[in-house]
Each structure stands twice: as C-alpha cells, then as structure tokens.
Amino acid sequence: MSAADTRVTHRTTCRLCNASEVERVVDLDPIPLSERYSTDPKAAAALPRFPIDVYMCRACGHVQQLDVIDPDYLWSSYTYYSGDAKGMPEHFAQIFEKVSRKIDLAEGTLVVDIGSNDGSLLKPFKQAKCRVLGIDPAVDAVQRANAAGIPTLQDYMSPALAERIRAEHGPAKVVCAFNVFAHADDLSSMVDCIRTLLAPDGLFFFEAQYLQDIIDGVLVATLFHEHLSHHSVKPLIAFLDRHGLELIAVERARIQHGSLVGTVQVKGGPHPIDASVRDLLANEDERRLDQVETLRAFGAKVTQLRERASSLVAQWRAEGKTVAGYGAARSGPTLITQFGLKSKLDFIVDDHPQKVGTYESGDGIPVVPTAELIKRMPDYTIILAWVHSELIIKNNRNYLERGGHFVVLCPSTRVVDKDGDVQI
Ligand SMILES: [Zn+2]
403 MSAADTRVTH RTTCRLCNAS EVERVVDLDP IPLSERYSTD PKAAAALPRF
453 PIDVYMCRAC GHVQQLDVID PDYLWSSYTY YSGDAKGMPE HFAQIFEKVS
503 RKIDLAEGTL VVDIGSNDGS LLKPFKQAKC RVLGIDPAVD AVQRANAAGI
553 PTLQDYMSPA LAERIRAEHG PAKVVCAFNV FAHADDLSSM VDCIRTLLAP
603 DGLFFFEAQY LQDIIDGVLV ATLFHEHLSH HSVKPLIAFL DRHGLELIAV
653 ERARIQHGSL VGTVQVKGGP HPIDASVRDL LANEDERRLD QVETLRAFGA
703 KVTQLRERAS SLVAQWRAEG KTVAGYGAAR SGPTLITQFG LKSKLDFIVD
753 DHPQKVGTYE SGDGIPVVPT AELIKRMPDY TIILAWVHSE LIIKNNRNYL
803 ERGGHFVVLC PSTRVVDKDG DVQI
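Be aware that the sequence shown starts at 403, since it is given in the numbering used here, and climbs by one per residue.
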C-alpha cells in the first residue's frame, strides 16, 4: 500500500462519538481484501495489503477499525449470499419470530431491510403479507432478491434515499440492519436514515458481532476489513441517544460464534426499556469492556495465539509434513496472514464454483475441490472456515480415519485426529 492509495482512508476520530482519543489496542499484520480470487497465481499473490489494526475510543469505549476501504472497491467482488450461508435461513426465521412477538405485523406493515443481500431475511415477512423493501449495493445479490419476488433497491443507504422511501412508501414499522451495522463507516448517517424511515411506534432491529464474544473466543478470524465496528452496549446507548433513538432490548445469539441482537425505538416511543439492557450493561461494567487495559490484554492473547500456531506449523513443515487449508472463507486472508501460514499451505479445499480453480488473494494458494482432501491426504488441514469447524470435523471422518489431522486456530490451537484432541 502506498501513502497515495485512495482505496483506503485512515480515520482519526471515533466512529460513534467523533472523539480523537483513539488508541491502537491490537496490532495485526496488514492483509489483502478477502473474496478476491484470481486465476493467475502471480496476480493473486501481488494483491495489495491494507491495515486492520484494532482501536479503542477512550471517550466512549467503542472498539473499531479506523482503516476504511472504499466501499465500492471492498464490495466489488462479493460472492456471499446470505440464503446460501449455512444456518442463516433458519436464523432469519427465528429473527422473524422474535420481531413478530415484539410488534404487530398486520397485513401491509412496511418492513425495510438495509443491507438485504439476496432478500433472505425479508422472505418470512413477505410470507406473512407484510410489504417488504430491501436495500443493498451488491448488484448480483439484488438481482437474486428481485427474481425471488423481494422488491430490492440496488443502492447504498443515504439521507436522500431514506427521504424518498418515506415519501413513496410511508413510515416503516420495522427496519432491520442485520448485515451492515458492523460494516458501515458513517454509522451516524446510517442511524439518521433509520430514524427518518421509522414510524413513531416502529422498531429498528440490528445484529452485529459482540465485542465480548470476540474477546472470549479470541476471534482473530473476525478481524478483517469488512468489520469496522466491534460493538458493545455501553457506547451504543450513548450513540443512539445522540441520534434521538433508544436501545430497548438486547439479546445474545449464537450465530457466527456470538452476536448481539438489539431492538431500538425512537426516543420516548411506546416500548419500555427491557431489563436485558441493564443486565448486559452491568455485565460489561464487570468485564471492564470499556477499558483500554481489557483490550490490550486481548491483544496480548492474540499475539500469544499467533506465535503458538505459527511455530507449530513451521515445525510441521520443517519435518516435511504437508499442510492444507479447509474453506476459501472470508476469514481466510486474515487467518493466513496473522498465523504466518503464507507459503506454508500447499492448497485450500473448497467447493464454491466461483472459487475452485482460482488462487487465494495475497497468497496465491490454489483452491481445489474438497474431494482432493482424500486424494492428496495432507498431514494437517487448518480450518479456515472457522465458523463451521465442528461440522467440518464431523463430516470428514474418512480423512481423520486415514491418518489426517484437523487444526482449529481459535480460541486456542487444537489438533484433532481420529481419536479426538491430540496433545500438542
Ligand atoms: Zn467514541
């Protein structure tokens, strides 16, 4: 990356409160953007790397990344469809149930989803005869949504768009932002748009990875360019308040190894504030989640984990063992870089049609079908699709039976063979 690279901007102030007392708390190596696969290994290996260090705001406690990639560049080759992601349709069905318990979804109720991807979240609302509207900048995902009968605008959320939707469709009883709340750089503009869209008695639901889960699970895999905010409740409450909104309920969900689902209303709206908000706040205070020292301790744990895993892999390579990766996942580039796996993996297995036959970004590692795992029998296979570690281990018994090992990187380095965990 050169200083003149316009694809990345380094913020100097907090994303939530605009204070300039931001401090770097986790040092990481710059990584290439994820989801960049090339059929030319040299081009794949030469892709630029951008910083992903983690910062904390001393004023409000918000934990965030300050190196912001130009969204058009970041999202230009996005191959993720939420409807295809394991467990997501079921998760969205549960979300629908949750929303319908909190608000009356009478026929014709307007439900708007920001960052709606292929429309998977809106599907159950449509089935319940709500009026649904999705907004997403990704061309392919929007085409899929519209083809599936979920009306979706291909655009970024902006104040002008929010005004237009309100004028054309009326106020929304439900606004969701399930995929974008951790991804937007200008969160102030985002929540102002949400306030414009919301009916006075409406509810806004969001989901984002929860800081405490990231710390407890040492989830290095989730630290990549798309994830700009690592939310916790305390800074969010103050932020929403400044924008005329209030957090009325929070819930922790297990999806993606731990997330936070928040319910928000316009300040002074009809819903009382649920005890869940107070309880989680008390828990955050006890865990000292808003303290720089807590995040520094997390950073030290990350360093320890990186050193342990990379020295193990280096040792295996020195012994002449073969090492592969499982899953050309979005978290691949960060795991490969942070754990020193570059030039240590012979290949990565994945069945995604857009990835097979290509090379992993920034590293030039070939992506081959999962059937190759048994054919090539690498001694060790590092799980890069970390969210599905247990499933991958369960579904590949034959690889283990023949002498293979799976390696899980977080929260601690685990090596698994046919008999279970191996002492390392
Ligand atoms: Zn702040």
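C-beta atoms are modelled at their ideal positions from N, C-alpha and C, and glycine is treated no differently.
Here the structure is a predicted model, which means the values were calculated and not measured.
Exposure of residue i, with buried meaning 16 or more beta-carbon neighbours within 10 Å
i: residue 826; result: exposed
i: residue 420; result: exposed
i: residue 773; result: exposed
i: residue 525; result: buried
i: residue 780; result: buried
i: residue 684; result: exposed
i: residue 404; result: Note that residue 404 scores 48 on pLDDT, short of 50, meaning its location in the model is unreliable; the coordinates nonetheless yield the value given after this. When all chains shown are included, residue 404 counts as exposed.
i: residue 747; result: buried
i: residue 493; result: buried
i: residue 581; result: buried
i: residue 629; result: buried
i: residue 541; result: exposed
i: residue 412; result: exposed
i: residue 729; result: buried
i: residue 551; result: exposed
i: residue 793; result: exposed
i: residue 757; result: buried
i: residue 422; result: exposed
i: residue 549; result: exposed
i: residue 624; result: buried
i: residue 760; result: buried
i: residue 656; result: exposed
i: residue 824; result: exposed
i: residue 745; result: exposed
i: residue 686; result: buried
i: residue 665; result: buried
i: residue 437; result: buried
i: residue 804; result: exposed
i: residue 732; result: buried
i: residue 688; result: exposed
i: residue 720; result: exposed
i: residue 597; result: buried
i: residue 798; result: buried
i: residue 697; result: buried
i: residue 722; result: exposed
i: residue 529; result: exposed
For residue i, the residue or residues it bridges with in DSSP
i: residue 558; result: Paired residue(s): none; residue 558 is not in a bridge.
i: residue 453; result: Answer by DSSP bridge pairing: none, since residue 453 is not bridged.
i: residue 652; result: 664
i: residue 768; result: 761
i: residue 458; result: 425, 465
i: residue 632; result: 465
i: residue 750; result: 727, 769
i: residue 608; result: 579, 664
i: residue 411; result: 470
i: residue 647; result: 668
Nearest-angstrom beta carbon gap, residue j and residue i [assumed within contact, 8 angstroms]
i: residue 762; j: residue 769; result: 6 angstroms
i: residue 661; j: residue 609; result: 5 angstroms
i: residue 511; j: residue 546; result: At roughly 24 angstroms, the Cβ-Cβ gap does not stay under 8 angstroms, so residue 511 and residue 546 are not in contact.
i: residue 451; j: residue 434; result: 5 angstroms
i: residue 649; j: residue 668; result: Not confirmed; about 12 angstroms, so no contact.
i: residue 604; j: residue 577; result: 7 angstroms
i: residue 607; j: residue 418; result: About 19 angstroms separates the two Cβ atoms, so there is no contact after all.
i: residue 589; j: residue 567; result: Actually they do not touch by this definition, with Cβ atoms about 19 angstroms apart.
i: residue 727; j: residue 776; result: Going by Cβ atoms, the distance from residue 727 to residue 776 rounds to 16 angstroms, so no, they are not a contact pair.
i: residue 518; j: residue 486; result: Not a contact, Cβ separation roughly 15 angstroms.
i: residue 457; j: residue 426; result: 5 angstroms
i: residue 501; j: residue 574; result: The Cβ separation is near 12 angstroms, so there is no contact.
i: residue 613; j: residue 465; result: 5 angstroms
Where the alpha helix (DSSP H) through residue i begins and ends
i: residue 700; result: 694-720
i: residue 437; result: Unbroken run through residue 437: none, as it is neither H nor E.
i: residue 616; result: 613-618
i: residue 493; result: 490-504
i: residue 736; result: 734-740
i: residue 512; result: Element bounds for residue 512: not the alpha helix (DSSP H) but the beta strand (DSSP E), 512-516.
i: residue 682; result: 677-689
i: residue 444; result: 443-447
i: residue 756; result: That residue, residue 756, is in no alpha helix (DSSP H); it is neither H nor E in DSSP.
i: residue 526; result: 524-529
i: residue 774; result: 774-778
Unbroken beta strand (DSSP E) run spanning residue i, endpoints
i: residue 535; result: 533-538
i: residue 784; result: 782-785
i: residue 728; result: 725-728
CB contact check: residue i to chain B, cutoff 7 angstroms
i: residue 485; result: Protein chains in the displayed structure number just one, and chain B is not present.
Practice problem: Would you mind listing the beta strand (DSSP E) stretches within the segment 797-825 that are 3+ residues and don't spill past its ends, in chain order? | Solution: 807-810, 816-819, 822-824
Quiz prompt | Residue ranges of each alpha helix (DSSP H) within the segment 547-605, 4 or longer | solution = 561-571, 589-599
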